[in-house]
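Note sheet for the following structure.
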Amino acid sequence: AEIRVDTRIKTDVKIRCNRPDIFILDKRHNRITLIEVGITSQDSLQIVETEKLRKYDLLANELGLIYKCSVEIIPYVMTWDGIVTKYHKTYVKRLQIPMNVEAYIQSIRASLSDILGAEMHKQPIPPLKQVDNEEDDVKTENTKNILPLILYGLTTAKEPTTNTNE
Numbered sequence: 074a075e076i077r078v079d080t081r082i083k084t085d086v087k088i089r090c091n092r093p094d095i096f097i098l099d100k101r102h103n104r105i106t107l108i109e110v111g112i113t114s115q116d117s118l119q120i121v122e123t124e125k126l127r128k129y130d131l132l133a134n135e136l137g138l139i140y141k142c143s144v145e146i147i148p149y150v151m152t153w154d155g156i157v158t159k160y161h162k163t164y165v166k167r168l169q170i171p172m173n174v175e176a177y178i179q180s181i182r183a184s185l186s187d188i189l190g191a192e193m194h195k196q197p198i199p200p201l202k203q204v205d206n207e208e209d210d211v212k213t214e215n216t217k218n219i220l221p222l223i224l225y226g227l228t229t230a231k232e233p234t235t236n237t238n239e
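Residue numbers (the numbering used here): 74 to 239.
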């Protein structure tokens, strides 16, 4: 398989949206997968997911003709606090991402959220071992080095939350 990240995909016809986040050419299964990743607000979640699907329609059609294969566009979109649409599980299954990897992605997202939140509000970044949220008295353990534990089945992380407001 050929995998390209954030790279322009050349086609016979000039296409404006020709730089998907991830491009996978699976020659064995005669299939191309275009993956678009997005982090957004809860208000824009469904809109961003739909835009990510439509953005590369023309590129997908052109690639299908060039490579004579099936082309799939998969959005991977969530909010900063881990809310996803009701379609997210379907996309994760189509990507064949194991739940332990999905959990790792969630833990990275949570760490980035803490860091960016502190940066935006010019507050000191909380220590990595434990974060105290004084508002609701909740303590969150750092998940920075949890991947090896998840991969070897020694621990698990929570599944993403589904947005039920749709």
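Even glycine gets a Cβ: it sits at the ideal position worked out from N, Cα and C.
Exposed unless 16 or more other CB atoms sit within 10 angstroms - verdict on residue i
i, result
"residue 74", "exposed"
"residue 136", "buried"
Three-state class that DSSP yields for residue i in the structure shown
i, result
"residue 78", "strand"
Selection from the options that minimises the alpha carbon distance to residue i
i, options, result
"residue 81", "102, 132, 137 and 101", "132"
"residue 117", "153, 78, 134 and 174", "153"
"residue 164", "138, 91, 142 and 110", "110"
"residue 143", "97, 78 and 166", "97"
"residue 93", "85, 87 and 79", "79"
"residue 129", "101, 176 and 89", "89"
"residue 113", "151, 102, 83 and 85", "151"
Distance cut-off 6 Å: residue i Cβ against heavy atoms of the ligand FAD
i, result
"residue 153", "With respect to the ligand FAD, the structure shown offers nothing to examine, as it has no ligands at all."
inquiry  = For the pair the segment 155–174 and the segment 117–134, tell me if three or more CB-CB distances fall below 8 Å.
reply    = Between the segment 155–174 and the segment 117–134, the count of Cβ pairs shorter than 8 Å is three or higher; the stretches touch.
ask   = Would you say the segment 106–118 touches the segment 139–149, given that touching needs at least three Cβ pairs under 8 Å?
value = As far as the Cβ criterion goes, the segment 106–118 touches the segment 139–149, which means the pair count is three or higher.
task = Scan the segment 85–155 and note each continuous beta strand (DSSP E) run of 3 residues or more that stays entirely inside, going in chain order.
result = Counting whole runs of 3 or more residues, the segment 85–155 contains the beta strand (DSSP E) stretches 95–99, 104–113 and 143–152.
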